[in-house]
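Student: Quick one: the structure is below, and I'll ask about it shortly.
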Amino acid sequence: FRKNPFGGEYTVFAGLEEVLKHISSFSVTPEQVAYLREQMPSCEPGFFDYLASLDARSLRVYAVAEGTVVFPRTPLIRVEGPLALGQLLETTILVLCNYASLMTTNASRFRLAAGPDKVLPE
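At position 22 of the sequence shown the residue is numbered 22 (full-length UniProt numbering), and the sequence of numbers has no breaks.
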């Protein structure tokens, strides 16, 4: 990310658990491949074979720990593996981490503003 949310001085990293769940369960189903074949008849058959064989187990994920205070322009997650697979998963990874980090940072700011003794609704 390029700026801290809410004009603040920090961000609390979150969403890694969801990212790891998504990656570990990722697959392209035969129904999805059939749909894409139908929608893109001019593509080479090898492309659809490639999609059907995609397996995210070849990816390696390196990340800071959930709940870590982080700052702009610092790498939070690094995914190593086949380029096409990483690009296919990139948007979902960003959405899962960005939203979770936004909410976690907001909760942290509320806690700091309210102080340790106030009960905050969930």
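Don't be surprised by glycine CBs; every beta carbon is placed ideally from N, CA and C. Please read all numbers here as calculations on a predicted model, not as lab measurements.
Is T68 near G8, with beta carbons less than 9 angstroms apart?
Tutor: Taking the sequence shown and counting its residues from 1, the one referred to as residue 68 is at position 68. Taking the sequence shown and counting its residues from 1, the one referred to as residue 8 is at position 8. For T68 and G8, no; Cβs fall outside 9 angstroms.
Student: Please report the straight-line C-alpha distance between A48 and K3, rounded to a whole angstrom.
Tutor: Mapped onto the sequence shown, residue 48 falls at position 48. Mapped onto the sequence shown, residue 3 falls at position 3. Checking the sequence, you will find Phe at residue 48 rather than Ala. Computed Cα separation, rounded: 39 angstroms.
Student: Tell me the DSSP bridge mates of I77?
Tutor: Within the sequence shown, numbered from 1, the residue matching residue 77 stands at position 77. Beta-bridge pairing links I77 to A63.
Student: How far does the alpha helix (DSSP H) with R109 in it extend, from its first residue to its last?
Tutor: Sequence index remark: in the sequence shown, residue 109 carries index 109 (1-based). R109 -> alpha helix (DSSP H) spans L83 to A114.
Student: To the nearest angstrom, how far is the alpha carbon of G81 from that of N98?
Tutor: Here residue 81 refers to the residue found at position 81 when the sequence shown is read from its first residue. Here residue 98 refers to the residue found at position 98 when the sequence shown is read from its first residue. C-alpha separation (whole angstroms): 22 angstroms.
Student: To the nearest angstrom, how far is it from the Cα of Q39 to the Cα of T74?
Tutor: Along the sequence shown, read from residue 1 onward, the residue named residue 39 stands at position 39. Along the sequence shown, read from residue 1 onward, the residue named residue 74 stands at position 74. Their backbone Cα atoms lie some 40 angstroms apart in a straight line.
Student: Please decide whether H22 counts as near chain D, where near means a Cβ-Cβ distance under 9 angstroms.
Tutor: You won't find chain D in this structure, because it holds only one protein chain.
Student: Scan the stretch 23-51 and note each continuous alpha helix (DSSP H) run of 4 residues or more that stays entirely inside, going in chain order.
Tutor: Counting whole runs of 4 or more residues, the stretch 23-51 contains the alpha helix (DSSP H) stretches 30-39.
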